[in-house]
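Per my numbering, the first sequence starts with residue 16, numbered consecutively.
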Amino acid sequence: MAEHEHKKIYSALKGHTYLEALGDRPSGNIIAVKTGNRLHDLRQVADSDVEFQAVYLDSDDGLKILRHSAAHLLAHVITSLYPDSRPNAGPATEDGFYYDFDMRPISSDQFPSIEEKMREIAGKNYPIIREEYEKSELISLFSNNPYKIDKIKDNVPEGGRSSIYRQGDFYDFCTGPHVPSTGYLKAVKIISLASTHYRGDEKNAPMVRIYGTAFPDEKSLKKYMLNREEALKRDHRKLGTEMDLFVFNTERAPGFPLYTPSGSIVRSELMAFMKEKNGQRGWQEVWTPHIFRDVIWKQSGHYAKYKPNMYVFTLEDGDSYGVKPMNCPGHISIFEREPHSYRDLPVRLSEPGTVYRYEKSGEVGGLTRPRAFTIDDGHAFMRFDQIVDEITSILEMVKETFNGILGKVDLKFDLSVMDKEHPENYLLVYRCRNCGNTIEARKASMEEHLLCPSCGSENLEPDFSVWDGATEQLREALDREKLEYEEYPGEAAFYGPKIDVHVRDAIGRMWQLSTVQLDFFMPTNFGLSYVNSESKPERIVMVHRAIFGSYERFMAIVLEHFAGKLPTWLSPIQAYIIPVSENYDEYARKVQSDLIKIGVRAGLDTSSETLGKKIKTIRGKRPAYIVVVGQAEMESGTVTARNRKDVQKSMKLDDFAREIREEISGRKIDQFF
RNA sequence: GCCGUCGUAGCUCAGCAUGGUAGAGCGCGUGCUUGGUAAGCACGAGGUCGCGGGAUCGAAUCCCGUCGGCGGCUCCA
16 MAEHEHKKIY
26 SALKGHTYLE
36 ALGDRPSGNI
46 IAVKTGNRLH
56 DLRQVADSDV
66 EFQAVYLDSD
76 DGLKILRHSA
86 AHLLAHVITS
96 LYPDSRPNAG
106 PATEDGFYYD
116 FDMRPISSDQ
126 FPSIEEKMRE
136 IAGKNYPIIR
146 EEYEKSELIS
156 LFSNNPYKID
166 KIKDNVPEGG
176 RSSIYRQGDF
186 YDFCTGPHVP
196 STGYLKAVKI
206 ISLASTHYRG
216 DEKNAPMVRI
226 YGTAFPDEKS
236 LKKYMLNREE
246 ALKRDHRKLG
256 TEMDLFVFNT
266 ERAPGFPLYT
276 PSGSIVRSEL
286 MAFMKEKNGQ
296 RGWQEVWTPH
306 IFRDVIWKQS
316 GHYAKYKPNM
326 YVFTLEDGDS
336 YGVKPMNCPG
346 HISIFEREPH
356 SYRDLPVRLS
366 EPGTVYRYEK
376 SGEVGGLTRP
386 RAFTIDDGHA
396 FMRFDQIVDE
406 ITSILEMVKE
416 TFNGILGKVD
426 LKFDLSVMDK
436 EHPENYLLVY
446 RCRNCGNTIE
456 ARKASMEEHL
466 LCPSCGSENL
476 EPDFSVWDGA
486 TEQLREALDR
496 EKLEYEEYPG
506 EAAFYGPKID
516 VHVRDAIGRM
526 WQLSTVQLDF
536 FMPTNFGLSY
546 VNSESKPERI
556 VMVHRAIFGS
566 YERFMAIVLE
576 HFAGKLPTWL
586 SPIQAYIIPV
596 SENYDEYARK
606 VQSDLIKIGV
616 RAGLDTSSET
626 LGKKIKTIRG
636 KRPAYIVVVG
646 QAEMESGTVT
656 ARNRKDVQKS
666 MKLDDFAREI
676 REEISGRKID
686 QFF
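Below is the structure:
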């Protein structure tokens, strides 16, 4: 479908359906229309003369509609196969849909029969018809379903009207829109089962959630399913076991990864990379302890907000400690050791800082959500006017890091800003209209009314200038780097706006990695200031930033992105040497020691297995190169190397050594052949 | 934390419904084999069936509890 087709503007006359307005145009792929931001069915009647765009099945809106219709189809099938079931709600999700039912639990054995019935109903090509009713009529239509009645009561105003969608003998309370008929649901698949509670509240009835997905045609569904399989194959937990990178001892340390020698190599290489990047941009490395006395956590506000997630303990003498869940208080303790001039800022402190957070049992999983993880943490202490430069520099680091390690990947930038409708949620400066005094406060966290501390007046006016100025500097930094970004009002933390960075991996998944966060709060709590050019103290602005996020999570993503076939510089085994028989062991040892001498991580297999067996066995570990040496190689001083793509090449040992060394030192993503 | 599901050898898994105290493949060890790019042959070691209780003459198997893993939900400075 040509792009201009998608963008074409049509116009509908009042009283006519959109379908009519589309005229004789080929509408097989057009399933709905969009006026402004509102979506409508093709059969809906325009209530005024409007311009609209066609929504095509393969567009984002189109897929969403298709999947929502697929959810209805599922509910149609479930209610007919299990007449006792009561459907609750079934929205489209990012790549599919789900529907929650109050019903007896089913098992995945039933998927085939559900899918078969879905195909049957789709095959009958029932029209999917919108019907509008009064609130009272709706309530009687759904009299046997308390969940729908709740929804009607919550969403339809007294005396108001809303719609149902009907297909054959099934109908559902829904605002739509939907595809014109069930025949559009050609490629629908049930994916998985989960259990949940009505409205996500465990006090409510348990529900069976059925996940599925739908695509315009079988081919794209198949592609999606293959991609899913690929994702399972790439699961870092599976790769981590195969490559012997880390273990979890579930009894002794549930949720805490332990790195093996191989895993530790990958981790150290990533750390070395980041250390270099930090050095290039003025981030000084520090080290802070893992345990602090409780006073620091009281001052930082962690005990007030975060204590349930912290490992805390009290010694016999009554002294209390907390294991750090964040590195900032430690870095602040270093920053505040001496006074700072405006001339010396920013001060940038960084650390691969291991933090410990007590994650609830249901939350822990693999390297993506461990209870101990190491953040490539950094805190910059600076003047307000330095924000834009500092953020620009960090954004450059972000781009260099991910393009350097993962290759040309999509990066997505989100700017989270405050919601000015709710100033009470944020730490703000308030100015007293009565006496002119200013104070900083976050109203939502206060038990009492906010009063002016000097005159007691309640007449306080929020001053957004700090937030506005800071947010503007974040935008400017993003613009300077020519980055496209989306703004999310209300997503900012209470203490400042932030930028999050998402990365798209090799099979299309988005991961949130970097975060860059301004903080007006910690500097207040710790009274951080610098001396300005008039010798007056001025408040510090802090930025928290992590590029990788955490080494654990990033390692998981790197593994999954490359399906375990890590770039050579990251590979625990960079060259694995296999002599054809023990007659060539000596030459193989020379090859190995030559490579080790120049810093290549070279392994050697002199066991008495066959060549084929040795290759088979080592493949799971995914060495960068498998190097075979036998009679021919020994005589000519060569090696026969096999790369990650199973391409073989013979060359002089010296040439191989030189090439692999360059590949490693250049941290190249691709192999030299 | 909640719902569902699972926990048997280093790894992947069978056995459990119909109770009679364990099996396979890979890996590991030893010997033979000296092999040219994804499994050479033989023999062997290795498990108090996550942990704790209960009913039973008898439990990997049934019941209860508990600790973990996984998929969701909720939470997330």
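From the three backbone atoms N, C-alpha and C, an ideal C-beta is built for every residue, glycine too.
- The alpha helix (DSSP H) runs of length 4 or more contained entirely in the region 98 to 166 are, from start to end of the chain, 126 to 138 and 150 to 156.
- Around I611, the same chain offers A617 as residues with beta carbons nearer than 6 Å, after the five sequence neighbours per side are excluded.
- For S408, the uninterrupted alpha helix (DSSP H) run begins and ends at I402 to L421, by DSSP.
- Under the three-state reduction of DSSP, P276 is assigned to helix.
- Non-local C-beta neighbours of W312 in its own chain, meaning closer than 6 Å and more than five positions away in sequence, comprise Y318 and G337, ordered along the chain.
- Excluding sequence positions up to five before and after G393, its CB lies within less than 6 Å of the CB of W298, S365 and R560, all in the same chain and listed in chain order.
- Across the set V444, A229, V424 and Q646, the C-alpha of V444 shows the shortest separation from the C-alpha of E476.
- The secondary-structure analysis by DSSP pairs H394 across a beta bridge with L364 and H559.
- Only exposed fits W302, as fewer than 16 other CB atoms lie within 10 angstroms of its CB.
- Closest by C-alpha distance to V262, out of D670, Y274 and H251, is Y274.
- For H437, there is no enclosing beta strand (DSSP E), as DSSP marks it with neither H nor E.
- Straight-line spacing of the CA atoms in R214 and G614 works out to 58 Å.
- Beyond the five residues adjoining it in sequence on each side, E300 comes within less than 7 Å, by CB distance, of K290, N293, S365 and E366 in the same chain, given in chain order.
- Of all alpha-carbon atoms in Y640, S680, G681 and G645, the one lying nearest the alpha-carbon of V662 is that of Y640.
- Counting other Cβ atoms within 10 Å of its Cβ, E487 stays below 16 and is therefore classed as exposed.
- Burial check for A507: the Cβ neighbour count within 10 Å reaches 16 or more, so the residue is buried.
- As the crow flies, the alpha-carbon of M258 is around 44 Å from that of V92.
- Only residues of its own chain outside the window of five on either side were considered, and among them E374 and E378 have a CB closer than 7 Å to the CB of R384, listed in chain order.
- In the DSSP assignment, the residues bridged to E476 are R446.
- Among the bridge pairs identified by DSSP, Y500 is matched with F428.
- Between N540 and G316, the CB-CB gap stays under 8 Å.
- Residues of the same chain with a CB within less than 6 Å of the CB of F687, apart from the 5 flanking positions on each side, are E674 and E678 in chain order.
- Assignment of I679 by DSSP, reduced to helix, strand and coil, places it in the helix class.
- Nearest C-alpha to N103 among M222, N140 and G111: M222.
- Annotation: P538 is outside any beta strand (DSSP E); the continuous alpha helix (DSSP H) that includes it extends over M537 to N540.
- Rounded to the nearest angstrom, the Cβ distance from V606 to L668 is 6 Å, consistent with a contact under 8 Å.
- The three-state reading of DSSP puts W312 in helix, counting H, G and I together.
- Membership of P231 in any beta strand (DSSP E) is not indicated, and neither H nor E is assigned to it by DSSP.
- Taking all protein chains shown into account, C447 has 16 or more neighbouring C-beta atoms within 10 Å of its C-beta and is therefore buried.
- In the three-state scheme derived from DSSP, where H, G and I count as helix and E and B as strand, A90 is classed as helix.
- Between P594 and G635, the gap from beta carbon to beta carbon reaches 8 Å or more.
- By the Cβ rule, the region 183 to 197 counts as touching the region 75 to 88, because three or more pairs are nearer than 8 Å.
- Ranked by how close their Cα comes to the Cα of Y599, the residues N264, N159 and S651 have S651 in first place.
- The distance from the Cβ of P512 to that of L533 is about 6 Å, consistent with a contact at the 8 Å cut-off.
- A485 is a Cβ neighbour of I402, given a cutoff of 8 Å.
- Distance check between V65 and each of H87, I420, L37 and I46 places L37 closest, using alpha-carbon atoms only.
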